Amino acid sequence: MKNKRPTVADLQAMKGKRQLTMLRVVTLEEAAAAEQAGIDLVSVPPALLGPAFREAAPTVFAFPGLEYGDFITADDYLRGAFQVMKAGGDAVYCAAGFSTVRRLREEGIPVCGHVGLIPSKATWTGGFKAVGKTAASALEIWRQVKALEEAGAFAAEIEVVPGEVAAAISAKTSLLMLSMGAGAGCDAQYLFADDVLGQNRGHYPRHAKVYRNFAAEYDRLQQERIAAFREYAEDVRSGAYPEKSHLVGIEPSELAAFLDRLDA
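Going by this note's numbering, the first residue of the sequence shown is number 430, and it counts up by one from there.
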């Protein structure tokens, strides 16, 4: 699957066969690392897309996000979708209403929806907390999945939902279910690169797993940066910088001629 960039049809054929890996990446360095590490799917800000992105990550399947609120009408979403697909995206993340998803699908745009905890709509489910912990809430998630299916989406992020609920839903839908804190019963596991790398200085969500401590390394580098700047300033004040090796030379005869003319 990693010899070439997968298509939507390739991903649909993978459903139920193995867990896919997915990361949220926001820099070209992170995209290149995902490519070299064999990550299957990435979520990206639209601004990251372009020739440089595809040079860094030629075979990862990319979901640029059409952020809820940045687009208003279905036409806005459609225009944005064509732009990001043209820039190297493979499908779009869209948390808009089902009619907008349907409109995108009618034009052949692969759409990934969102169910469970949807940060942009969390006020309706009580804020940033788990969804689907009651039968009624779990059935509402199932209703939304079926509505996304009917609207023509091919995938859905399912966020902070009990693993048993997510697994049961994933088994009964044709959608590729991307789990963010919803267990291994879905089709892909999705984390933010910031969390994986330990770059997040605030709260880590329950589902995050930290594999490195980049925050400590950034702190160390900042102290080194301050020290280097301080040493530079001290060198300037003491005359230790610049040295002769830092300067362009001039032949003595040319310098003498210049000075004679300058004095004249």
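Glycine residues also receive a C-beta, built at the ideal position from the N, C-alpha and C atoms. Quick caveat, the model's predicted, so the values are computed rather than measured.
### Query
Assuming residue 521 and residue 495 make a contact with CB atoms under 8 Å, what is their CB distance in whole Å?
5 Å
### Task
Go ahead and pull the three-state DSSP assignment for residue 450.
strand
### Query
With C-beta atoms as the reference, is residue 610 less than 8 Å away from residue 636?
yes
#### Entry: alpha helix (DSSP H) segment containing residue 686, residue limits
681-692
### Task
Under the assumption that residue 478 contacts residue 493 (Cβ atoms under 8 Å), give the Cβ distance between them as a whole number of angstroms.
6 Å
### Residue nearest to residue 482 in terms of C-alpha spacing, selected from 501, 684, 519 and 658
519
### Query
Where does residue 621 fall in DSSP's three states?
strand
### Query
Taking C-beta to C-beta, are residue 605 and residue 584 nearer than 8 Å?
yes
#### Entry: Residue range of the unbroken alpha helix (DSSP H) whose run includes residue 480
480-485
### Sheet register partners of residue 493 (DSSP bridge)
473
### Task
Identify, in the order they occur along the chain, each residue of the same chain with its Cβ nearer than 7 Å to the Cβ of residue 538, setting aside the five sequence neighbours on each side.
510, 514 and 521
### Query
Once you ignore the five residues that flank residue 487 on each side, which residues in its own chain have a CB closer than 8 Å to its CB?
434 and 464
### DSSP three-state assignment for residue 589, whether helix, strand or coil
coil
### Task
Compare the C-alpha of residue 613 against each of 436, 574 and 451 and name the closest.
451
### Task
Tell whether a beta-carbon distance below 8 Å holds between residue 555 and residue 590.
no
### Query
Going along the chain, which residues of its own chain have a beta-carbon closer than 8 Å to the beta-carbon of residue 627, five neighbours each way excluded?
639, 640, 641, 642, 643, 644 and 645
### Message
Tell me the DSSP secondary structure of residue 676 in three-state form.
### Response
coil
### Task
Kindly indicate which three-state DSSP category residue 445 falls into: helix, strand or coil?
coil
### Message
Going by DSSP in three states, residue 516 sits in which element: helix, strand or coil?
### Response
coil
#### Entry: residue 583 in three-state terms, based on DSSP
coil
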